[in-house]
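This report refers to the structure that appears directly beneath it.
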Amino acid sequence: MPESSVTLQNGDTPWSVLKRELDSRGISYRYTWSGKFNSVYVESIDGDGEFDHGAGSGWMYNVNGRFLDVGASQYELKENDKVQWRYTTNLGSDLGETSPTTNPQGEDKGGAIETPQVPTTPEKSEKIDLRNLYSDVGDIADWAISAVGEATEMRLVEGRGGAFYPKASMTRAEFTTILVGIIGLKADNGMEQKFSDFSDVTRSDWFYPHVNAAYQAGIIKGFPDGFHPNDKITREEMAVMVVRALSLQIKDQDTGLKDIPQVSAWAANEVRTVAALGMMSGWNNRFHPSGEVTREMATVVAMRAYYYMKGDSR
Numbered sequence: 001m002p003e004s005s006v007t008l009q010n011g012d013t014p015w016s017v018l019k020r021e022l023d024s025r026g027i028s029y030r031y032t033w034s035g036k037f038n039s040v041y042v043e044s045i046d047g048d049g050e051f052d053h054g055a056g057s058g059w060m061y062n063v064n065g066r067f068l069d070v071g072a073s074q075y076e077l078k079e080n081d082k083v084q085w086r087y088t089t090n091l092g093s094d095l096g097e098t099s100p101t102t103n104p105q106g107e108d109k110g111g112a113i114e115t116p117q118v119p120t121t122p123e124k125s126e127k128i129d130l131r132n133l134y135s136d137v138g139d140i141a142d143w144a145i146s147a148v149g150e151a152t153e154m155r156l157v158e159g160r161g162g163a164f165y166p167k168a169s170m171t172r173a174e175f176t177t178i179l180v181g182i183i184g185l186k187a188d189n190g191m192e193q194k195f196s197d198f199s200d201v202t203r204s205d206w207f208y209p210h211v212n213a214a215y216q217a218g219i220i221k222g223f224p225d226g227f228h229p230n231d232k233i234t235r236e237e238m239a240v241m242v243v244r245a246l247s248l249q250i251k252d253q254d255t256g257l258k259d260i261p262q263v264s265a266w267a268a269n270e271v272r273t274v275a276a277l278g279m280m281s282g283w284n285n286r287f288h289p290s291g292e293v294t295r296e297m298a299t300v301v302a303m304r305a306y307y308y309m310k311g312d313s314r
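The opening residue of the sequence shown carries number 1 in UniProt numbering; numbering runs sequentially from there.
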């Protein structure tokens, strides 16, 4: 949407101005009310919604170039204020947002909107009730509910459209993004080093900064023909990424897992290591190395990695 001047009405906010402009142009949008933030939350504009381009994507607004820590329907605008709503793919880093906000919305598509951001070093915020956030909280497994709650509080994971989708598969790019957030790697589009092998990752991709940061840190190496960012990540691939991200010492010991012979040679030691440390476990005495990783599985492993990094063996 092109830049335009509007006449402020009494009590106008970034949200009320946006809504009025979208309505006048016949542009579709979707929003919800966030009781947690006591504000309207913009979910999508003209077909581009939160998480459509990755875990850190969504809409954000700024006023006079500043990304604010209050909801879009809370801040009262003043004469000559300049409001932008913009789409981010990595929690605001690609838009130049440097201070953590509170609740992401997403890639710069021009135009103008706000969303909060995940901190570089995750910290817990106030205790939340998942029932107020996710309509499908009952679908989250008992063994994952605590991790999902903590990761949500720390803004490492979020749902979509009021649901968490715990059984949905996670992609390689999505898990890479979570790992980068867990260990606090700097991820931004200003990185100049090019990928030597990743022909399927470009600067226009929402996951570019995170994949690039992980690549430069040696966490990911990819395949001969690229990174395969949108492929569903397997359990053995996740094990390798975790070991590299935490610089874990390889443990070559018997884990009691019956399907270790089925683990790929390049992942065997890493699978033994995460199993020995209790960072990942299987079921029925099997690791299921080629199995897909669900969102709740990935969240549990991410939180275990976080606490291990903090020296907490819980």
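Where is the CB? At the ideal position from N, CA and C, for every residue including glycine. In this text, all values refer to a predicted model and were calculated from it rather than measured experimentally.
Confirm, please, whether the CB-CB distance from residue 252 to residue 286 is below 7 Å. It is not a contact, given that the beta carbons lie outside the stated cut-off.
In this structure, how does DSSP classify residue 11 when only helix, strand and coil are distinguished? In the structure shown, residue 11 falls within a coil segment according to DSSP collapsed to helix, strand and coil.
Looking at C-beta atoms only, is the number of pairs between the stretch 129 to 149 and the stretch 162 to 178 that lie closer than 8 Å three or more? The stretch 129 to 149 is in contact with the stretch 162 to 178.
Beta-carbon separation of residue 198 and residue 226 under 7 Å? Yes.
Residue 246 to residue 305 span [Cα, whole Å]: Cα atoms of residue 246 and residue 305: separation of roughly 7 Å, rounded to the nearest angstrom.
Can you name the residues that DSSP bridges to residue 292? The partner list for residue 292 (beta bridge, DSSP) reads 234.
Residue 270 burial status per 10 Å Cβ neighbour count (16 or more: buried): Under this definition residue 270 is a buried residue.
Of all the options 78, 48, 45, 59, which has the alpha carbon lying nearest to the alpha carbon of residue 7? With distances taken between Cα atoms, residue 7 lies closest to 78.
From 238, 13, 45, residue whose alpha carbon lies closest to that of residue 279: Nearest of 238, 13, 45 to residue 279, Cα basis: 238.
Under the three-state DSSP convention, the category residue 262 falls into: Helix at residue 262.
Cα separation between residue 223 and residue 200? Answer to the nearest angstrom: the Cα atoms are 11 Å apart.
Under DSSP, the beta strand (DSSP E) around residue 43 begins and ends at which residues? From DSSP, the beta strand (DSSP E) with residue 43 extends over 39 to 45.
Cβ shell of residue 230 (< 7 Å), same chain only, five flanking positions each side left out: Apart from the 5 residues on each side of it in sequence, residue 230 sits with its Cβ closer than 7 Å to the Cβ of 171, 173 in its chain, given in chain order.
Comparing alpha-carbon positions, which option in 136, 302, 235, 298 lies nearest residue 318? The structure shown does not extend to residue 318, since the chain is modelled only from 1 through 314, so no value can be given for it.
Residue 23 burial status per 10 Å Cβ neighbour count (16 or more: buried): Residue 23 should be labelled exposed.
Check whether the Cβ atoms of residue 44 and residue 30 sit closer than 7 Å, and answer yes or no. Yes, Cβ-Cβ distance for residue 44 and residue 30 is below 7 Å.
If you draw a straight line from the C-alpha of residue 152 to the C-alpha of residue 219, how long is it? Here the alpha carbons of residue 219 and residue 152 stand approximately 24 Å from one another.
Considering only residues of the same chain and omitting the five flanking positions on each side of residue 242, which have a CB-CB separation below 7 Å? Counting only Cβ-Cβ distances below 7 Å, and skipping sequence neighbours, we find 274, 279, 301, 305.
Since I believe residue 298 is in contact with residue 178 (beta carbons under 8 Å), could you give me their beta-carbon distance rounded to a whole number of angstroms? Residue 298 and residue 178 do touch by the CB rule: their CB atoms are close to 7 Å apart, below 8 Å.
Is it true that the CB of residue 83 sits closer than 7 Å to the CB of residue 59? No, these two residues do not count as a Cβ contact at 7 Å.
In whole angstroms, what is the alpha-carbon distance linking residue 48 and residue 144? For residue 48 and residue 144, the gap between their C-alpha atoms comes out near 30 Å.
Would residue 3 be called buried (16 or more neighbouring beta carbons within 10 Å of its own) or exposed? With fewer than 16 Cβ atoms within 10 Å of its Cβ, residue 3 is classed as exposed.
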